[in-house]
Amino acid sequence: MDLGFAYLAAGLGAGLTAIGAAYGISLIGAAAMEGTARQPSSAGDIRTSMIIGAALIEGVALFAVVVTVILAVK
Amino acid sequence: MLAHISLKKRPLGGALAALMLAGLLTAPALAAETEAPKPAEQPTFTEALWTFLLDADYLPIPWPHAETWQRKIDLSRVFGELKFEIAGYEINLTPTKHTVFLWLSALLCLVLFIPASKKYDEKHVPSSRGANFLEALVLFIRNDMAIANIGKKEGLRYVPFLLTVFFLILFMNLLSLIPYGTAATANLAVTGALAFASFIVIQIAGMRAHGTVGYWTGLVPSGVPWFLYPIMIPIEIMGLFTKPFALTVRLFANMTAGKVVIFSLIGLIFLFETAAVSPISVAFTLFIMVLKLFVSFLQAFIFTMLTSLFIGMASHDH
Chain A
540 MDLGFAYLAA
550 GLGAGLTAIG
560 AAYGISLIGA
570 AAMEGTARQP
580 SSAGDIRTSM
590 IIGAALIEGV
600 ALFAVVVTVI
610 LAVK
Chain B
1403 MLAHISLKKR
1413 PLGGALAALM
1423 LAGLLTAPAL
1433 AAETEAPKPA
1443 EQPTFTEALW
1453 TFLLDADYLP
1463 IPWPHAETWQ
1473 RKIDLSRVFG
1483 ELKFEIAGYE
1493 INLTPTKHTV
1503 FLWLSALLCL
1513 VLFIPASKKY
1523 DEKHVPSSRG
1533 ANFLEALVLF
1543 IRNDMAIANI
1553 GKKEGLRYVP
1563 FLLTVFFLIL
1573 FMNLLSLIPY
1583 GTAATANLAV
1593 TGALAFASFI
1603 VIQIAGMRAH
1613 GTVGYWTGLV
1623 PSGVPWFLYP
1633 IMIPIEIMGL
1643 FTKPFALTVR
1653 LFANMTAGKV
1663 VIFSLIGLIF
1673 LFETAAVSPI
1683 SVAFTLFIMV
1693 LKLFVSFLQA
1703 FIFTMLTSLF
1713 IGMASHDH
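And the structure:
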């Protein structure tokens, strides 16, 4: 029973993490697209900053994934 | 522009240091996990997944054996068992599968770059197609990572470290794409050691730029009211450690995720117990493999990029 709740929490946590990370990366992607459209000459710089921002968001999401994995294999 | 790349100066020392560090940390951490009991004949789904994901104490090589098409080389017999005890903890330094692939990628770095840099010193022009490709990557790291993030003068100092990290990770990632190969980066100990190396470099960069005392006292931004210090100091110190931890987990999770997806797609054949699924499985696996090729470059790039960014953040004024 207790372990069942742990699995439930792990699954829900993974899903919520995905929602959060997707929302963050979508904001970055939208802003980068807009920036590139307005200023095509600086597309390279914008892409680099976008990847860095996306990587940082991914890092936060991966922290949550670590928590869910710990929950699931406990 | 191309006049001077400080390739030959210090990459060897850096590579060796990273290699030794990673090798030291790899084996002991996974010693406990490799001792899972071997199933008699047919492994269950979970057991097969674990043997696919985890490190092993043998090295599989291609062998015309009708059932498994592999032969296991017992690494503890090749290198000898390196076990000893420190303060009651058993430390197992016997090389494992991931260790061997780590060595292989380090060897690849040395074999590719030492002749390239020697030739470059003679002629100052890349002589072949491969050298051109390597020079493009090296220049990209020097100009767009080191100089762009750290600064024109200070940045060159960290180019050898960034190059070492980039190519070591890249080759480790790419070695997972050859048959019988595995990604040493899909191992928390390896990525942890790499992140530990960048953690040390980041702290040294900060201390070089601000002085030892100035760096540690400058962690908390100036202008913060004194009563916030009890909150700010722990947060800033935690921030120091979350950066390498995020580097560790990001690289590990990305490489492991690719493995899990490939395992699941191939596993569909055994789940449905029919060969009719195999065209779809194999096609999707091929697609995921191509994605992994991209992810290999991307993760090496992101690890190096974030390291240079953190070095720049530590050495610039707050």
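Residue numbers (our numbering), protein chains in the order written: chain A, 540 to 613; chain B, 1403 to 1720.
Beta carbons: idealized from backbone N, C-alpha and C, even for Gly.
* Where in the region 1453-1481 of chain B do unbroken runs of the alpha helix (DSSP H), each at least 4 residues long, occur, reported from the N-terminal end onward? -> DSSP runs (the alpha helix (DSSP H)) wholly in the region 1453-1481 of chain B: 1477-1481.
* When B:Pro1646, B:Glu1469, B:Ile1682 are compared against A:Phe602, the one with the closest alpha-carbon -> Checked all of B:Pro1646, B:Glu1469, B:Ile1682; the closest Cα to A:Phe602 is B:Pro1646.
* Whose C-beta lies closer than 7 Å to the C-beta of B:Leu1564 among residues of the same chain, with five residues either side of it excluded? -> The residues are Ile1543, Met1547, Ala1548, Thr1706, Thr1709, Ser1710.
* Asked: Is B:Ile1580 helix, strand or coil when you go by DSSP?
  -> If DSSP states are grouped into helix, strand and coil, B:Ile1580 belongs with coil.
* To do: Kindly indicate if chain B contains any beta-carbon less than 7 Å away from that of A:Ala594.
  => Residue-level contact check: A:Ala594 touches chain B, since one or more beta carbons of chain B fall below 7 Å from its beta carbon.
* To do: Taking 7 Å as the cut-off, decide whether the C-beta atoms of A:Ala593 and A:Ile609 are in contact.
  => Not closer than 7 Å, so no.
* Distance between beta carbons of B:Ala1588 and B:Thr1658, contact taken as under 8 Å -> Going by Cβ atoms, the distance from B:Thr1658 to B:Ala1588 rounds to 5 Å, so yes, they are a contact pair.
* Under 7 Å between the Cβ atoms of B:Phe1503 and B:Leu1558? -> In this structure, B:Leu1558 does not lie closer than 7 Å to B:Phe1503 by Cβ.
* Asked: For A:Gly554, does the count of other Cβ atoms within 10 angstroms reach 16, so buried, or fall short, so exposed?
  -> Residue environment: A:Gly554 is assigned as exposed (fewer than 16 neighbouring CB atoms within 10 Å of its CB, all protein chains considered).
* Along chain A, in chain order, which residues have C-beta atoms closer than 8 Å to that of B:Arg1652? -> Residues of chain A passing the Cβ test: Ala594, Glu597, Gly598, Leu601.
* Asked: Alpha carbon to alpha carbon, what distance is there between B:Phe1598 and B:Gly1641?
  -> Answer to the nearest angstrom: the Cα atoms are 14 Å apart.
* B:Glu1537, enclosing alpha helix (DSSP H) - first and last residue -> In the DSSP assignment, B:Glu1537 falls within the alpha helix (DSSP H) that extends over 1531-1542.
* Asked: In whole angstroms, what separates the C-alpha of B:Ile1463 from that of B:Leu1456?
  -> A direct Cα-Cα distance of roughly 17 Å separates B:Ile1463 from B:Leu1456.
* Asked: So the beta strand (DSSP E) B:Asn1494 belongs to, where does it begin and stop?
  -> If you look at B:Asn1494, you'll find it in the beta strand (DSSP E) that goes 1491-1494.
* **Where A:Val605 meets chain B, residues with beta-carbon distance less than 7 Å** => What A:Val605 touches in chain B: Val1651.
* Asked: Does the beta-carbon of B:Asp1689 have 16 or more other beta-carbons within 10 angstroms, so that it is buried, or is it exposed?
  -> The question names Asp, but residue 1689 of chain B is Phe in the sequence shown. So B:Phe1689 ends up on the exposed side.
* To do: Please say whether B:Ile1713 and B:Ile1580 have beta carbons closer to each other than 7 Å?
  => The Cβ-Cβ distance between B:Ile1580 and B:Ile1713 does not fall below 7 Å.
* Any residues in the region 1688-1713 of chain B with a beta carbon nearer than 7 Å to a beta carbon of chain C? Which ones, in chain order? -> The structure shown contains no chain C; the protein chains it does contain are A and B.
* Asked: What separation, rounded to the nearest whole angstrom, lies between the Cα atoms of B:Thr1687 and B:Asn1656?
  -> B:Thr1687 and B:Asn1656: Cα-Cα distance of roughly 16 Å.
* To do: Use the C-beta contact count for A:Gln578: other C-beta atoms within 10 angstroms, 16 or more gives buried, fewer gives exposed.
  => It is exposed - the Cβ of A:Gln578 has fewer than 16 other Cβ atoms within 10 Å.
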